[in-house]
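This report refers to the structure that appears directly beneath it.
2 protein chains.
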Amino acid sequence: MASAKISHTDLLIIGAGPSGMMAAAWASQYNIKTRVIDKNHARISKGQADGLQVRTLEIFDSFGVVDEVWNRGYRDSEMCTWLSDGENGIHRSQRVLLQKVGISRYTSVAINQAVIEQTFLDLVSQKGRFHVERNMLPECLSLIESHPDDKDCYPINITVRHLHNPSPLRAPNGTGKDTRSHVQIKEDEDSDAAKEQQTGNAEAIESINAKYLLACDGAHSWTRRQLGLVMEGEQTDYVWGVIDIIPLTDFPDIRTACAIHSSTAGSILNIPREDRINRLYIQLGLEDNSNNRANINPRTMIETARKIMAPYTIDYKYCDWWSLYKIGQRISPKFSVSNRVFLAGDAVHTHSPKLGQGMNVSMQDAYNIGWKLGAVLTGTAKPSILSTYETERRQVALELLNADREVTRFYARNVHKTPSTPAAANGSEPETTNTPNFKLIRENLHAFLAGVGITYPPSILTSSQTTSPHALHIPLGARLPSHKILNQASARPIHLATLLPSNSHFRILIFSGNILSPSQASLIQNLTTPLESLIQKYPPSTIDILTIHSSPRTSVSIFDFPPFFRGPFDEVLGWDYDRIFVDDIAAHDSECGSAYQRLGIDKEKGCLVGVRPDQHVGWVGALGDVEGLGTWLGGFLVAKV
Amino acid sequence: MASAKISHTDLLIIGAGPSGMMAAAWASQYNIKTRVIDKNHARISKGQADGLQVRTLEIFDSFGVVDEVWNRGYRDSEMCTWLSDGENGIHRSQRVLLQKVGISRYTSVAINQAVIEQTFLDLVSQKGRFHVERNMLPECLSLIESHPDDKDCYPINITVRHLHNPSPLRAPNGTGKDTRSHVQIKEDEDSDAAKEQQTGNAEAIESINAKYLLACDGAHSWTRRQLGLVMEGEQTDYVWGVIDIIPLTDFPDIRTACAIHSSTAGSILNIPREDRINRLYIQLGLEDNSNNRANINPRTMIETARKIMAPYTIDYKYCDWWSLYKIGQRISPKFSVSNRVFLAGDAVHTHSPKLGQGMNVSMQDAYNIGWKLGAVLTGTAKPSILSTYETERRQVALELLNADREVTRFYARNVHKTPSTPAAANGSEPETTNTPNFKLIRENLHAFLAGVGITYPPSILTSSQTTSPHALHIPLGARLPSHKILNQASARPIHLATLLPSNSHFRILIFSGNILSPSQASLIQNLTTPLESLIQKYPPSTIDILTIHSSPRTSVSIFDFPPFFRGPFDEVLGWDYDRIFVDDIAAHDSECGSAYQRLGIDKEKGCLVGVRPDQHVGWVGALGDVEGLGTWLGGFLVAKV
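Residue numbers (our numbering), protein chains in the order written: chain A, -2 to 638; chain B, -2 to 638.
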């Protein structure tokens, strides 16, 4: 160890999976000194997670990288439940819209995790500020006490072994062959055992000192074990299979998400994917022991699927990946230590894949802590905001585990049904207490499952109540819903959310109401001085000012607003035409013209909204309440000296 | 010449501007042996054309390359007319929607021609089948008589000089500086004079033999002159200025397209562009002579603009490009010679830039001849289809010249107006015979200007009348209007047009009507055998079969259609789920569910539609009329031997 190379970084991210890459995306935006290390020698290429919920897609869009997954992924819009028909077959009993209309501009998609990891690798690489360092095996973690405000302290030390050889830590995933050696058993994976394989070479040791550590190192988190945190929760003993195939089938709903429950053969969750692939989660009805595991392979899994789906046939010639898993719901007692070490994703919560939530909640963990670390490390925000990570995200994980328990119970029930009726085939069958009611489960959970319903509790970052009587549907603590508005200068329709890219800025949205009313115009005029002095308390680019008025677009021009609202005049580039917007109808876009109404904002009176860098609403107040706004911002922002 | 390298190619394209690159895109799709040569050493980087009409955007989408121009370009949705207010100023008199609602999924955009050329260079380079050869100066053209059906004949010979040095043929465009040497006078450009500069080096000569030649070599077309074709038409003597600047202004409509007519200082056409740039076409009121030209520069142009726009101010610090032009409308008497040499774009029609049509009509010329050359050279279609190029496209050019004359007259009028009224400011002013009525001009021309109204006359490729009484709004000869439908298997909403990519295939669209009706189901069943034998007369991939039914989506599955309609079953990939679609509503997409109605198709009875590779409707008939369909296809397709 005496010869170890010693280095320093502001932020160390362990793990370059979806969570780690999401945090890396933020670190790129903030341009903070960052290292991202991963023990594996390459990103995954097949299998693993595949569901992206709408909030995750919104986040992707906020980084400008949603297009590929949105265009290429399979878009889930509805889900069918199939039940036993009381004889030897199954019938469609329900057709459920997976998402309420209007909650997002996206619907959820299913796509290979590899595409998602590559998307973020490309984003970070394009920024060119750091790159992912692979074959880096952490071996020792120490954390010393430090004052939260000490900016020059590196309280974290990690010893890392640079592996010379491509890491065999993870067995390659199954790739179209059924050979037994390719199976990947998540529960058996153990990096300690694998680590021993690496000792043959003389490998470099590095001692990395970091101000902050973010552990995104998965369900078997090395960091979590170093910290002595023990996962709490339950685990069943039954093993499920998961397989990605191109199905050869006459099942009519194969390209629709389906929950299929046979009378005695078990259940399947069918998820269509990109490029004609389907993912099947198959209840194998077997206890998890080595004898059973030895007998499970893609062929036996499809045999089980065939029994569940009878009389429909299913087979495959191409298998992309397969794995086995046990169902459990477990959570770490802590998500952070000393506000210096943070854990995200599978490292702190594990559950079944049934709700397609894992990758989403994990990436959203990292999205939450990522901007906070960026804001603290760049000196924009006070370190005390870091404690909101655990209060905001552990609650989400607990909700997820509850939802997962409920759905797991649903899949575990095998229900005998009366024969199919024409009404049933159309999904219009009335529900009875004996029917597994997937529709009801989805409806109860829909906002949570979409990710848009997640509402953070009051904290230093989120006010507990609005000071405006004119903003009824702007949800404090939740992400600001996006509706289509128009650019005042060009009449181009845009989604409100596209004004809130993940670029580190806080935003003050001035819903100015009807500025053709003299009283409102004078209110706006009087806002200039206090708003200007509020903004100037903080460094440039800390806060954006965006105005959305509700007067008819053609009756107003940007020159009807005080210069402050048009942004600074640049002597070469002139006025910024992307500061003033209008909630009005548009000839070519029927979605425009209802933003005020949908947000519950009074079209005459307007309001002020304070938005965090993660698009969550932190403050809502009356149009004149710059003082309240200033108090909110002053609670966590660091003023210029 | 004895030492000249001799080579052979199927298709030679001269000119790698927008038209040449559009033809190159087709050549890449058909994978025909192609050379693209250009005398310039690099693509343009600034200036030139910038308007893309909606049909052009649809064509870009058909090659999968619309995203960048659509997202980055400035979207024109409306245009304002400003007139003299009768005193010393101007006022807004009209606000015109540039495009009727519902005619396309796009609105027109304005973006630098360089972006467009690069988009197609990237497309061709991605295909990797050939590349653009630059610094290639054609010197001699000969064309011998040949039989149209002789596939092995190379009747065209072109001698080309490979220039060693970067070609100075075109003066570089103005780039932010006002230096006199940067001005580019289109009318003065003369490649013969420039050619002499190239004689100092010993440069290789190549003798290229080609089966077909497509000349996209611009307004001073070398090819056209070699063929002895003389442009016909008129030309004014007045010079206009065009300038791309980032304006510093208080003009309220600067980010809206505007026609501005002062009382005595002249007119301006203002076109907002990407990245805060504006293009201004400025009537300079000067005759075209060397003295006047010597006195024109960006500063004098902006001085004129300032007078026209008074009392508003306008200035700039950044000028991207500028040029001068004279207005005229000229057309070549022929667009092709011996069905072996074809001319497209500016080589055969020139006019003013006022309607933003030039690049569009030019690229659409190449889009028209491109697929025909591809189909003939691959042996799919008979050479006789080539004569439809001139009959289809010369008519379009004549219409364009007429429209340009009308708009030129409009801009030439300087009209004195009574003072502004509040109604006028909102664009609701009643029109009088003394007012230049831009609204009326646009409305008369709107379908033509959008490009979607272009209807090709009856020919070997286009039937003269439909045989179905159940398809009222499917326009024979025009491009098939696109409406949103749903994939039957996945419920994903898609635009009908995305089923018709520019990949060389002809399409038979089976609007099957309501297949829940027993008579309709039996009609569909009975279509299988005749359709199958029709398709099998031609090589694979010549014709796609796509079905769009009108029964409720949830009452039907793809297995309710005969296997033929589902496409061939692949033993690894299974069924193709992208063959059967439905016209039904969708929860998350309010645009779905009206395709039959908008196309005027009877929802019970349906119809058959034959679509050419360029998305133009060639044939419409009753659902059972496979014989009529076969006759149409047999008229131009080459059957298997």
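Here a beta-carbon is modelled for each residue, glycine too, at the ideal position from N, C-alpha and C. Keep in mind it's a predicted model, so treat the numbers as computed, not measured.
Lys124(B) (DSSP reduced to helix, strand or coil) = Translated into the one-based positions of the second sequence, residue 124(B) becomes position 127. Three-state result, Lys124(B): helix.
In whole angstroms, what is the alpha-carbon distance linking Gly109(B) and Arg270(B)?
-> If you number the second sequence from 1, residue 109(B) lands on position 112. If you number the second sequence from 1, residue 270(B) lands on position 273. With the sequence shown as reference, residue 109(B) is identified as Asn, and Gly is not the correct amino acid for it. The straight-line gap from Cα to Cα measures roughly 8 Å.
Inter-residue spacing [alpha-carbon to alpha-carbon] between Ile267(A) and Asn288(A) | Along the first sequence, one-based indexing puts residue 267(A) at 270. Along the first sequence, one-based indexing puts residue 288(A) at 291. Checking the displayed sequence, the identity of residue 267(A) turns out to be Asn instead of Ile. Asn267(A) and Asn288(A): Cα-Cα distance of roughly 27 Å.
Limits of the unbroken beta strand (DSSP E) element including Tyr209(A) = By 1-based counting over the first sequence, the position of residue 209(A) is 212. Per DSSP, Tyr209(A) belongs to the beta strand (DSSP E) from Ile202 to Ala212.
Cβ-Cβ distance between Cys589(A) and Pro478(A) below 9 Å = Start at 1 with the first residue of the first sequence, and residue 589(A) comes out as number 592. Start at 1 with the first residue of the first sequence, and residue 478(A) comes out as number 481. The answer is no: Cβ separation not under 9 Å.
In the DSSP assignment, what residue or residues form a beta bridge with Ala378(A)?
-> For the purposes of this step, residue 378(A) is taken as the residue at position 381 of the first sequence. DSSP lists Leu634(A) as partners of Ala378(A).
Do you know offhand how far Leu8(B)'s Cα is from Arg563(A)'s?
-> One-based indexing of the second sequence puts residue 8(B) at position 11. One-based indexing of the first sequence puts residue 563(A) at position 566. Their backbone Cα atoms lie some 54 Å apart in a straight line.
Taking only beta carbons into account, state which residues of the segment 231 to 251 of chain A come closer than 8 Å to chain B, listed in chain order.
-> Ile243, Pro244, Leu245, Thr246, Asp247, Pro249, Asp250 and Ile251
What is the DSSP secondary structure of His443(B), reduced to helix, strand or coil?
-> Translated into positions along the second sequence, residue 443(B) becomes position 446. Here His443(B) sits in helix by DSSP.
By DSSP, does Thr418(A) sit in helix, in strand, or in coil?
-> If you number the first sequence from 1, residue 418(A) lands on position 421. For Thr418(A), the predicted structure reports a pLDDT of 43, less than 50, and the residue's modelled location is therefore unreliable. The matter cannot be settled from this model.
Does any residue of chain A bring its CB to less than 9 Å from the CB of Leu446(B)?
-> Stepping through the second sequence from its first residue, residue 446(B) is reached at position 449. Answer no: the Cβ-Cβ gap between Leu446(B) and chain A never drops below 9 Å.
Can you give the Cα-Cα distance for Ile243(B) and Glu387(B), rounded to whole angstroms?
-> Residue numbering aside, residue 243(B) sits at position 246 when the second sequence is read from its first letter. Residue numbering aside, residue 387(B) sits at position 390 when the second sequence is read from its first letter. Those two C-alpha atoms are separated by around 41 Å.
Under a Cβ-count criterion, where at least 16 other Cβ atoms within 10 Å of its own Cβ denotes burial, should Gln361(A) be classed as buried or exposed?
-> Walking along the first sequence from the start, residue 361(A) turns up at place 364. So Gln361(A) counts as buried.
Beta-carbon spacing of Ile11(A), Ile155(A) below 9 Å = Counting from 1 along the first sequence, the entry for residue 11(A) is found at position 14. Counting from 1 along the first sequence, the entry for residue 155(A) is found at position 158. Contact flag set, yes.
Which residues in chain A sit within 8 Å of Gly571(B), going by Cβ to Cβ distance?
-> Taking the first residue of the second sequence as 1, we reach residue 571(B) at position 574. Per Cβ cutoff of 8 Å: Ile243, Pro244, Leu245, Thr246 and Arg273.
Helix, strand or coil: how does DSSP classify Gly173(B) here?
-> Start at 1 with the first residue of the second sequence, and residue 173(B) comes out as number 176. Because the pLDDT of Gly173(B) is 35, which lies under 50, any placement of that residue in the model is unreliable, and the number read from its coordinates should be weighed accordingly. Gly173(B): coil per DSSP, three-state reduction.
Would you check if there are 3 or more beta carbon pairs closer than 8 Å linking the segment 44 to 53 of chain A to the segment 223 to 233 of chain A?
-> no
Do we get a CB-CB distance below 9 Å when we pair Leu626(A) with the residues of chain B?
-> On the first sequence, position 629 is the one that residue 626(A) refers to. Chain B contact via Cβ: absent.
Would you decide whether Glu568(A) is buried or exposed? Buried here means 16 or more other CB atoms lie within 10 Å of its CB.
-> For this step, residue 568(A) is matched to residue 571 along the first sequence. Flag for Glu568(A) reads exposed.
Are the C-beta of Lys314(A) and some C-beta of chain B separated by less than 9 Å?
-> As a first step, residue 314(A) must be located in the first sequence, where it is residue number 317. Yes, Lys314(A) lies at the interface with chain B (some Cβ there is under 9 Å from its Cβ).
What's the call for Glu284(A), buried or exposed, on a 16-neighbour Cβ count within 10 Å?
-> If you number the first sequence from 1, residue 284(A) lands on position 287. So Glu284(A) counts as exposed.
Cβ contact (3+ pairs, closer than 8 Å) linking the segment 393 to 409 of chain A and the segment 472 to 486 of chain A = no
Apply the 10 Å Cβ neighbour rule to Ile274(A) and answer buried if 16 or more other Cβ atoms are within range, or exposed otherwise.
-> Position 277 of the first sequence, counting from 1, holds the residue named residue 274(A). By the 10 Å Cβ count, Ile274(A) comes out buried.
Simplified DSSP assignment, three categories, for Met133(B) | Residue numbering aside, residue 133(B) sits at position 136 when the second sequence is read from its first letter. Residue state, collapsed to three classes: strand.
When Cβ atoms are compared, which residues of the segment 63 to 79 of chain B fall closer than 8 Å to chain A?
-> Asp64, Tyr71, Arg72, Ser74 and Glu75
Start and end residues, alpha helix (DSSP H) containing Glu529(A) | Locating residue 529(A) in the first sequence gives position 532, where the first residue counts as 1. For Glu529(A), the enclosing alpha helix (DSSP H) has its first and last residue at Pro515 to Ile532.
Residue closest to Glu403(A), alpha-carbon to alpha-carbon, out of His467(A), Lys351(A) and Ala207(A) = Indexing the first sequence from 1 puts residue 403(A) at position 406. Nearest C-alpha to Glu403(A): Lys351(A).
Using only alpha-carbon positions, find the residue among Pro152(B), His480(B), Ala447(B) and Gly353(B) that is nearest to Ser587(B).
-> To locate residue 587(B), count along the second sequence from 1; it is residue 590. Minimum Cα distance to Ser587(B) is reached at His480(B).
Contact residues within the segment 543 to 560 of chain A, judged by C-beta distance below 7 Å to chain B | Thr551, Ser552, Ser554 and Phe556
By DSSP, does Pro15(B) sit in helix, in strand, or in coil?
-> Counting from 1 along the second sequence, the entry for residue 15(B) is found at position 18. Of the three classes helix, strand and coil, the one that applies to Pro15(B) here is helix, per DSSP.
Given that Ala24(A) touches chain B, what residues does it touch there, using C-beta distances under 9 Å?
-> The sequence position of residue 24(A) within the first sequence is 27, counting from 1. Within 9 Å Cβ-Cβ: nothing; Ala24(A) doesn't reach chain B, min ~26 Å.
If you run the structure through DSSP and keep just helix, strand and coil, what is Ser456(A)?
-> Residue mapping note: residue 456(A) aligns to position 459 of the first sequence, counting from 1. Ser456(A): strand per DSSP, three-state reduction.
Give a yes or no on whether the C-beta atoms belonging to Val608(B) and Val51(B) are separated by under 9 Å.
-> Here residue 608(B) is taken as the residue at index 611 of the second sequence, counted from 1. Here residue 51(B) is taken as the residue at index 54 of the second sequence, counted from 1. Taking a C-beta distance under 9 Å as the contact criterion, Val608(B) and Val51(B) do not qualify as a contact pair.
Cβ separation of Trp237(B) and Gln280(B), assumed to be a contact under 8 Å, to the nearest whole Å = Here residue 237(B) refers to the residue found at position 240 of the second sequence. Here residue 280(B) refers to the residue found at position 283 of the second sequence. With 8 Å as the limit, Trp237(B) and Gln280(B) qualify as a contact, their Cβ atoms being about 6 Å apart.
Are three or more beta carbon pairs between the segment 598 to 605 of chain A and the segment 571 to 578 of chain A nearer than 8 Å?
-> no
Meets three-Cβ-pair contact criterion under 8 Å: the segment 59 to 69 of chain B and the segment 113 to 122 of chain B | Of all C-beta pairs linking the segment 59 to 69 of chain B to the segment 113 to 122 of chain B, three or more are shorter than 8 Å, placing the two stretches in contact.
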